[in-house]
Amino acid sequence: MPGDLPHPERSEIQLTEVLFALSDPERLAIARQLADGPLDMASCHATDPNLPKSTKSHFMKVLREAGVIRNEPNGRRRTLTLRRDDLDARFPGLLDSVLPG
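In full-length UniProt numbering, the protein residues as written are 1 to 101.
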């Protein structure tokens, strides 16, 4: 389907990549926003509102490729979701330790 981006399968998610993705304060802030539920990509923001769009896109790519988020087409927009079920299955307790409860 056009607009689909590759996402790792649950079994392919690596702890080192997840930890790297969440090690940046801006990417961690995005993951924390998604802990409350899906967001339209345009509504999801890093803590610095002056970040260039290309930097925000790069943050989303790092999070998606690490298996932290899903970034899926929704009409002309994109919906972001935290892959909590996959991450909890692979690394129990990890998200609870880094995201607000």
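Backbone N, C-alpha and C fix where the C-beta goes; we use that ideal spot for every residue, glycine too. Treat the numbers as computed from the prediction; the structure is a model and nothing was measured.
Going by DSSP, which residues form a beta bridge with residue i?
i: leucine 22; result: None; leucine 22 has no bridge partner.
i: threonine 81; result: Arg70
i: aspartate 4; result: According to DSSP, aspartate 4 bridges with nothing at all.
When you compare the CB of residue i with every CB in chain B, is at least one pair closer than 7 Å?
i: glycine 37; result: This model lacks chain B altogether; it includes just one protein chain.
Where do the ends of the beta strand (DSSP E) carrying residue i lie?
i: leucine 51; result: Careful: leucine 51 lies outside any beta strand (DSSP E) and carries neither H nor E.
Are residue i and residue j close, meaning C-beta to C-beta below 7 Å?
i: residue 110; j: glutamate 12; result: The structure shown does not extend to residue 110, since the chain is modelled only from 1 to 101, so the question has no answer here.
i: alanine 35; j: leucine 82; result: yes
If I'm right that residue i touches residue j with Cβ under 8 Å, what's the distance once you round it to whole angstroms?
i: asparagine 74; j: arginine 64; result: Not really, about 15 Å apart at Cβ, beyond 8 Å.
What separation, rounded to the nearest whole angstrom, lies between the Cα atoms of residue i and residue j?
i: aspartate 85; j: serine 57; result: 24 Å
i: proline 93; j: arginine 10; result: The sequence given here has glycine at residue 93, not proline. Straight-line Cα distance between these residues: approximately 16 Å.
i: arginine 76; j: arginine 90; result: 32 Å
i: aspartate 4; j: leucine 28; result: 24 Å
i: threonine 79; j: leucine 15; result: 24 Å
i: aspartate 88; j: isoleucine 30; result: 18 Å
i: leucine 95; j: glycine 37; result: 14 Å
i: asparagine 50; j: serine 43; result: 14 Å
i: lysine 53; j: aspartate 40; result: 15 Å
i: leucine 22; j: threonine 55; result: 15 Å
i: valine 68; j: proline 25; result: 14 Å
In the DSSP assignment, find the unbroken alpha helix (DSSP H) run with residue i in it and report its ends.
i: arginine 84; result: 84-90
i: serine 97; result: 94-98
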